[in-house]
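Numbering (our numbering), first residue to last: 49 to 187. Cβ atoms here follow ideal geometry from the backbone N, Cα and C, with glycine treated the same way.
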Amino acid sequence: MLDRIVGYRINRATYWANLLGIVAIVGILVTFGIVGEQGGTGAIEVVLAILAGTRLHDVGYSAKYALAGVLLHALLTFTVLARFGYDEALTSLGLLNLAFLVLLVWLGLVPGQSGDNRWGAPPPAGVSWKRPERRFSED
Numbered sequence: 049m050l051d052r053i054v055g056y057r058i059n060r061a062t063y064w065a066n067l068l069g070i071v072a073i074v075g076i077l078v079t080f081g082i083v084g085e086q087g088g089t090g091a092i093e094v095v096l097a098i099l100a101g102t103r104l105h106d107v108g109y110s111a112k113y114a115l116a117g118v119l120l121h122a123l124l125t126f127t128v129l130a131r132f133g134y135d136e137a138l139t140s141l142g143l144l145n146l147a148f149l150v151l152l153v154w155l156g157l158v159p160g161q162s163g164d165n166r167w168g169a170p171p172p173a174g175v176s177w178k179r180p181e182r183r184f185s186e187d
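What follows is the structure in structure tokens.
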């Protein structure tokens, strides 16, 4: 299902531009108190899963891995918070978020497949927000 929603590919430049845009928007929302420092993470993780899914398609993997990563991150976060409480869980949560950040950076560094794959032709070079023609195969 997620592959049908984000059934296309984006290159590294578009990924980094989108990721930096998300970080800027979240920073503005937190700075002006619209979203608390701890609030709104579920919505942010959904947006990051969609972004990561399109990037995973370029690398040749299913977007299901992005969804699984976000769900695992959320589950571990809630488990650590429930077990230790906020003040005692800060180190564990920091390490968990660092691991999540490493995966996001990896997605921005790994090159995509040079030829067509089941999610379509390679994306054009440079930053592009034009949604390519969708091509999803059931293979």
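Report buried or exposed for residue i, applying the criterion of at least 16 other Cβ atoms within 10 angstroms of its Cβ.
{"i": "D187", "result": "At D187, the pLDDT of 44 sits below 50, so the modelled position is not reliable; the number obtained from the coordinates is stated separately. By the 10 Å Cβ count, D187 comes out exposed."}
{"i": "D164", "result": "exposed"}
{"i": "Y56", "result": "buried"}
{"i": "V54", "result": "buried"}
{"i": "I82", "result": "exposed"}
According to DSSP, simplified to helix, strand and coil, what is residue i?
{"i": "N59", "result": "coil"}
{"i": "G108", "result": "coil"}
{"i": "A173", "result": "coil"}
{"i": "V54", "result": "coil"}
{"i": "F27", "result": "The chain is shown from 49 up to 187; residue 27 falls before or after that span and cannot be answered."}
{"i": "G101", "result": "helix"}
{"i": "G160", "result": "coil"}
From the DSSP output, read off the bridge partner residues of residue i.
{"i": "N165", "result": "G168"}
Could you tell me the boundaries of the alpha helix (DSSP H) in which residue i lies?
{"i": "F148", "result": "134-157"}
Q) Does the segment 169-180 come within contact of the segment 60-78, defined as at least 3 CB pairs closer than 8 angstroms? A) Three or more beta-carbon pairs drawn from the segment 169-180 and the segment 60-78 are found closer than 8 angstroms, and the two stretches are therefore classed as touching.
Q) Between the segment 120-135 and the segment 97-107, are three or more C-beta pairs nearer than 8 angstroms? A) As far as the Cβ criterion goes, the segment 120-135 does not touch the segment 97-107, which means the pair count is below three.
Q. Is it a yes or a no for the segment 63-82 touching the segment 148-165, going by three-plus beta-carbon pairs under 8 angstroms?
A. The segment 63-82 is in contact with the segment 148-165.
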